[in-house]
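A short write-up of the structure that comes next.
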Amino acid sequence: MGKSLPIFNAPSLAGAFGSIQQQVSQFFTPPSTVSAPHDGRTVDDFKPYLIALNLTKRCNLKCDHCYLDATTKSAGGDDELSTEECYKLIDQIAEVNKGCLLVITGGEPLVRPDILDIARHAVKLGFMVVFGTNGMLIDDRMAKDLVAIGVMGMGISIDSLDPLKHNRFRGVPGAWEAALAGIEACKRNGLAFQVHFSAQPMNYQELPEVIDWAHQLGAKVLNVFFMVCTGRGEELTDITPAQYEEVLGYLVNCQDNYKGMLVRARCAPHFKRLAYEKDPNSPITKATGYMGGGCLAGTNYARVTPNGELTPCPYMPLSAGNIRETSFVDLWEKSDVFNSFRYPHLKGKCGDCEYTDICGGCRARPYVDHGDWLDEDQWCLYTP
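Heads up, the sequence shown is in our numbering, so the first residue is 9 and it goes up one at a time.
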C-alpha cells in the first residue's frame, strides 16, 4: 500500500528459539520469595498507574492470537466476577490509587449487560476509565451512554486497512466493517477513541499506512502491540526479533509527525532504549509514570482475570491470589509474586545491560519460551 517500513541493519539473532518446555501446571507456579531489596525502595514506591480488568471471557470474535483464549458470546461467563464483586474490587483499587487508569476489557467487555454500571461506579470514584474493545457493539446509543458516564475513550482494534485481512485475523466476516462503524459512532457522539494495532508477520509492513489512516480519522492515540505466543496464540508465528526492532525504530522516528495523536509501542520495553540511542533528551526518554520506561508488570501494572485472579502480566498466568479471597490491597502490597517483579535479579544480557532501568526487557517472552521470566529477553538485538 505505498509506503513500507525502512529496513534497519539489525544484526541477526543466532540460534533458534526454544519451544515451550514447561507443562501447564508449571505455568501456575509462582517464583520463590525474593530476598529483601537493597535499593531502599518500599511498597510505597510502587503504585498502580494502570489496572486492566479482564471482566469477561465472552467475545463475539474468534481471534487466533487471543491471550485470554476468549470464548463465544454465549459461553465463558459462568465464573465471572459479579457486578457487586466488581464494585468491591474497584473500591479496593481506590484504596491504593484512585487516580490510576482502569482499562475495562475482555474478551469483549460490551457483551456484559452490567458493564455500564461498572464503568459508572469507577468514574464516580475518580478513576480514568477506558475500554479495550473490538468496536463492533458501539452504536450511537452506546457511545452517548459512555460519554454521559464520563468514560475517557475507547481503544478499538484495527489490524489492517484491508477488510478481508483484518476479518481473517479476527476470525469473523464483517469484523472490519463493524469496527469502523463503531469508530464512526464514537466520532459522531464526541467519544474519544484510539486505534490498537497488533503487529504480526502478515501486517507489520502496513504500519505506516495504518498510522496515517488513524491520524486522518481523528484517533487520539495509536498503540502498537506485540504478540507474546500464549493463550490461543501459543502455536502462532510471531514477527522476528529483527522485524520487532524494525517496527520500534520506525515508531521512534515518527514521533513528531502526527500532531494531536500519540504514537506508542505497548508492552515493548526496548522502545525506550531505541529512543535513548537516538536522542537521550527526547520526550520518550524523559517520560515517567504510565508513560515511563520499561515493563510495568507488577510494579505499576496489574491485571485481574474474569474470575478474580490478580496477575502482574496478561501473558504470564502467575497469580498473586484471588480477589474473592484476599483484598486487592493485600495482594498488591504483600504478594511474593509482585515483590519478585519489583526487585528482580535479571539474568543473561538483561542483567548486564546499562539500559536495565529504562528497559529491562520483556519478562513474558523468556517465561513463555522456557519458564524463566528472569532470563534475558531473546527478542532484544542489543548487546551490552
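Every residue gets a Cβ at the ideal spot worked out from N, C-alpha and C, and that includes glycine.
Between which two residues does the alpha helix (DSSP H) harbouring residue i extend?
i           : result
residue 183 : 183 to 196
residue 95  : 91 to 105
residue 225 : 215 to 225
residue 376 : 372 to 378
residue 317 : Where residue 317 is concerned, there is no enclosing alpha helix (DSSP H), although the beta strand (DSSP E) it sits in stretches over 317 to 319.
residue 293 : 291 to 294
residue 259 : 249 to 261
residue 172 : 171 to 178
residue 278 : 278 to 286
residue 350 : 344 to 350
residue 357 : 356 to 360
Is the beta carbon of residue j closer than 9 Å to that of residue i?
i           : j           : result
residue 187 : residue 157 : no
residue 272 : residue 230 : yes
residue 312 : residue 142 : no
residue 275 : residue 323 : yes
residue 358 : residue 364 : yes
residue 108 : residue 139 : no
residue 89  : residue 119 : no
residue 247 : residue 293 : no
residue 159 : residue 197 : no
residue 295 : residue 263 : no
residue 100 : residue 249 : no
residue 180 : residue 205 : no
residue 114 : residue 147 : no
residue 341 : residue 111 : no
residue 98  : residue 309 : no
residue 339 : residue 318 : yes
Could you say which of the options lies nearest to residue i if we only look at CA atoms?
i           : options               : result
residue 255 : 352, 336 and 278      : 278
residue 1   : 391, 383 and 198      : The requested residue 1 is not part of the displayed model; the chain covers only 9 to 392.
residue 91  : 127, 288, 137 and 260 : 127
residue 333 : 145, 253, 321 and 315 : 315
residue 215 : 116, 252, 327 and 293 : 252
residue 93  : 109, 113, 69 and 129  : 129
residue 131 : 145, 266 and 102      : 102
residue 280 : 259, 269, 346 and 266 : 259
residue 137 : 57, 389, 381 and 328  : 57
residue 381 : 346, 124, 392 and 366 : 346
residue 170 : 117, 221, 262 and 349 : 221
residue 194 : 309, 343, 228 and 330 : 228
residue 200 : 161, 60 and 152       : 161
residue 270 : 202, 286 and 377      : 202
residue 2   : 360, 388 and 362      : No information on residue 2 is available, as it lies outside the stretch 9 to 392 that the chain covers here.
residue 235 : 207, 257, 261 and 218 : 207
residue 352 : 265, 96, 122 and 302  : 302
residue 153 : 350, 175, 374 and 123 : 123
residue 335 : 96, 184, 285 and 176  : 96
residue 219 : 261, 185 and 192      : 261
residue 55  : 320, 175, 184 and 286 : 320
residue 192 : 349, 67 and 151       : 151
residue 349 : 330, 375 and 64       : 375
residue 133 : 291, 285 and 106      : 106
I'd like the span of the beta strand (DSSP E) that includes residue i, first residue to last.
i           : result
residue 203 : 201 to 207
residue 164 : 161 to 165
residue 274 : 270 to 274
residue 309 : 309 to 312
residue 233 : 229 to 234
residue 60  : 58 to 62
residue 111 : 109 to 113
Buried or exposed: where does residue i fall if 16 or more other Cβ atoms within 10 Å of its Cβ makes it buried?
i           : result
residue 53  : exposed
residue 209 : exposed
residue 306 : buried
residue 40  : Unreliable placement is indicated for residue 40, whose pLDDT of 40 sits below 50; no coordinate value is reported for it.
residue 392 : exposed
residue 267 : exposed
residue 149 : exposed
residue 224 : exposed
residue 390 : buried
residue 167 : buried
residue 360 : exposed
residue 86  : exposed
residue 172 : exposed
residue 182 : exposed
residue 377 : buried
residue 288 : exposed
residue 116 : buried
residue 226 : exposed
Using only the heavy atoms of the ligand NAD, determine whether one of them is closer than 8 Å to the beta carbon of residue i.
i           : result
residue 139 : The ligand NAD is absent from the structure shown, which contains no ligand whatsoever.
Sequence ranges, alpha helix (DSSP H) only - wholly within the region 115 to 153, length at least 4: Fully contained in the region 115 to 153 are the following alpha helix (DSSP H) runs of length 4 or more, in chain order: 123 to 132.
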